[in-house]
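Just so you know, we're using our numbering here: the sequence shown kicks off at 3 and counts up by one.
Below is one structure, written out as structure tokens; comments come after it.
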Amino acid sequence: MDKWNSLFFFATDIGLLCLGDDVNHCSEVCKVSGHIKSLLFYEKESSTIIITSHMLLVQFKLSNSEKLTPTRKFKLALAGNPEILQAIWVGEGLLAISSGENLIRLMNIEKDENYVLSLADPIFGDALLNDNIVSIAYNSKKRAICCGTKGGAIAVWRCKSVLEDSPVSAEGWEAKKQTRTELHDIYKLLWGSSHGLLCGLVPKGMVLLIETQLKKKMRDSLQVIQTTQKSVEVRVQNRTQGVSVKVDFAIKGVDCSQNHILMWSGKEAHIFEITQSGAKKEGSFECKSMLLAILEDNVAVCSGGKVCLLYTSPSPRDRQKSRMPSSACKKKKKKK
Numbered sequence: 003m004d005k006w007n008s009l010f011f012f013a014t015d016i017g018l019l020c021l022g023d024d025v026n027h028c029s030e031v032c033k034v035s036g037h038i039k040s041l042l043f044y045e046k047e048s049s050t051i052i053i054t055s056h057m058l059l060v061q062f063k064l065s066n067s068e069k070l071t072p073t074r075k076f077k078l079a080l081a082g083n084p085e086i087l088q089a090i091w092v093g094e095g096l097l098a099i100s101s102g103e104n105l106i107r108l109m110n111i112e113k114d115e116n117y118v119l120s121l122a123d124p125i126f127g128d129a130l131l132n133d134n135i136v137s138i139a140y141n142s143k144k145r146a147i148c149c150g151t152k153g154g155a156i157a158v159w160r161c162k163s164v165l166e167d168s169p170v171s172a173e174g175w176e177a178k179k180q181t182r183t184e185l186h187d188i189y190k191l192l193w194g195s196s197h198g199l200l201c202g203l204v205p206k207g208m209v210l211l212i213e214t215q216l217k218k219k220m221r222d223s224l225q226v227i228q229t230t231q232k233s234v235e236v237r238v239q240n241r242t243q244g245v246s247v248k249v250d251f252a253i254k255g256v257d258c259s260q261n262h263i264l265m266w267s268g269k270e271a272h273i274f275e276i277t278q279s280g281a282k283k284e285g286s287f288e289c290k291s292m293l294l295a296i297l298e299d300n301v302a303v304c305s306g307g308k309v310c311l312l313y314t315s316p317s318p319r320d321r322q323k324s325r326m327p328s329s330a331c332k333k334k335k336k337k338k
């Protein structure tokens with residue numbers, strides 16, 4: 003086993019595939035026409051897969067004598083640009099390939115089955131129809147394929163099945179709403195160690211995306227749906243158009259009543275009244291709590307094992323009293 007662990011493959015820019023080890027041994031395995039655009043190791047079959055700039059896929063099996071024997075060889079039917087070809091594993095034996103088309107081609111090496119994930123998916127609307135995929139990445143823990151486009155969008159497909167590691171068709175993947183960045187040509191994607199952080203590289207910089215769990219709440223005729231990290235859309239029954247409400251912090255929670263909405267970040271909270279003409283800010287307060295709720299005319303704040311009640315609609319005379327001090331809901335130190 004130690005002998006196998008010491009071996010590694012590498013490819014050169016003139017089409018050479020080489021086998022080396024950690025004691026300075028190196029041997030040429032094969033030479034192909036064109037450039038080797040992708041080099042992958044298939045652990046299950048102890049084999050190596052290469053894809054060339056001529057769209058040729060070759061699989062070599064490694065024997066006990068450290069010899070490589072070709073087991074598969076065929077031409078890929080790709081219509082994109084071979085110079086930007088990228089190939090990654092997205093499941094056991096399931097290969098995902100992008101080459102500047104508006105789709106990702108998935109190929110099951112063992113079952114010889116093929117299908118595509120397209121930017122023409124209805125979830126994306128018409129926004130990505132004329133865009134092209136220039137990078138792909140896979141998160142094995144989230145079981146999600148993401149792609150970066152020429153126009154600066156990032157699209158994601160998640161595996162639907164909990165038990166199936168390698169879906170056999172596009173029905174096994176669910177597309178998620180795309181994210182539009184201000185940059186273009188996201189030529190490389192990298193997942194961070196936290197698995198909620200995604201980095202996209204562009205020619206003149208980079209863009210960082212942090213996964214956010216969007217919040218939603220519905221009560222009586224009011225619906226609150228988080229649309230971005232710092233904004234929500236409020237929908238009222240029998241009204242044709244929703245109301246967008248923005249705050250200056252990352253929203254960690256929302257709640258609503260018949261005509262009020264509450265948003266908080268864990269450090270502060272803002273409350274708005276929903277009127278016929280839109281949303282009117284009624285107030286804000288510091289609050290180091292993640293558990294808040296609207297109870298009729300009160301805001302309930304749970305912190306330190308205690309629940310505090312604040313008035314949302316005070317009279318002018320009591321308006322100052324309604325503000326929550328930064329020390330509220332904190333346990334008082336016992337005097338010695």
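Quick reminder that beta carbons are idealized off the backbone N, C-alpha and C, glycines included.
Here the structure is a predicted model, which means the values were calculated and not measured.
Give me the DSSP bridge partner(s) of LEU294.
VAL303
Is GLU112 helix, strand or coil by DSSP?
coil
To which residues of the same chain is GLU270 closer than 8 Å at the C-beta, ignoring the five residues directly before and after it?
PHE251, SER286, PHE287, GLU288 and CYS289
If contact is defined by three or more beta carbon pairs under 8 Å, each pair taking one atom from either stretch, is the segment 106–118 in contact with the segment 170–183?
yes
Measure how close the beta-carbons of VAL249 and ALA281 come, nearest whole angstrom, since I'm counting them as under 8 Å.
Between ALA281 and VAL249 the Cβ distance is about 11 Å, and since that is not below 8 Å, they are no contact.
Straight-line gap, GLY127 to CYS32 (C-alpha atoms, nearest Å):
46 Å
List the whole-angstrom C-beta distance separating ILE147 from VAL92, where the pair is believed to meet the contact cut-off of C-beta under 8 Å.
5 Å
Across the segment 42–49 and the segment 15–25, are there enough close Cβ pairs to call them in contact, namely three or more that are closer than 8 Å?
no
Three-state secondary structure (DSSP) at PHE251?
coil
Grab the span of the beta strand (DSSP E) containing HIS272 for me, first residue to last.
270–276
Rounded distance between the beta-carbons of ASN261 and ILE276, thought under 8 Å:
5 Å
ARG325 versus LYS219: straight-line alpha-carbon distance, rounded:
Confidence is the limiting factor: at ARG325 the pLDDT is only 46, short of 50, which leaves the residue's position unreliable, though a coordinate-based value still follows. In a straight line, the C-alpha of ARG325 is about 25 Å away from that of LYS219.
Uninterrupted beta strand (DSSP E) stretches inside the segment 33–96 (no shorter than 3 residues)
38–44, 49–54, 58–64, 70–77 and 88–91
N- and C-terminal bounds of the beta strand (DSSP E) containing THR181
175–182
Measure from the alpha carbon of LEU19 to the alpha carbon of each residue in LYS46, SER8, THR71 and GLU47, then state which is nearest.
THR71
Is there a C-beta anywhere in chain C that falls below 8 Å from the one on ILE125?
In the structure shown, chain C cannot be found, because there is only a single protein chain.
Delimiting residues of the beta strand (DSSP E) encompassing LYS217:
Unbroken run through LYS217: none, as it is neither H nor E.
I'd like to confirm something about LYS69: is its beta-carbon nearer than 7 Å to some heavy atom of the ligand NAD, or not?
As for the ligand NAD, it is missing from this structure, which has no ligand bound.
Go ahead and pull the three-state DSSP assignment for ILE125.
helix
Exposed or buried, which one is GLN61 when buried takes at least 16 other CB atoms within 10 Å?
buried
N- and C-terminal bounds of the beta strand (DSSP E) containing GLU288:
281–288
Whole angstroms are fine: how far does the CA of THR230 sit from the CA of CYS310?
29 Å
Do you know how far the Cα of ILE106 is from the Cα of VAL118?
6 Å
Going straight from the alpha carbon of LEU350 to that of GLY306, what length do you get?
Nothing can be reported for residue 350, as the shown portion of the chain is limited to 3 through 338.
Residues near GLU284 in its chain [Cβ-Cβ closer than 7 Å; skip 5 each side]
ILE273, PHE274, GLU275 and THR314
Would you report the Cα separation of LEU131 and ALA79, rounded to the nearest angstrom?
21 Å
Assumed close pair LEU121, ILE138 - CB separation to whole angstroms, cut-off 8 Å
Actually they are not in contact, since the Cβ atoms of LEU121 and ILE138 sit about 12 Å apart, beyond 8 Å.
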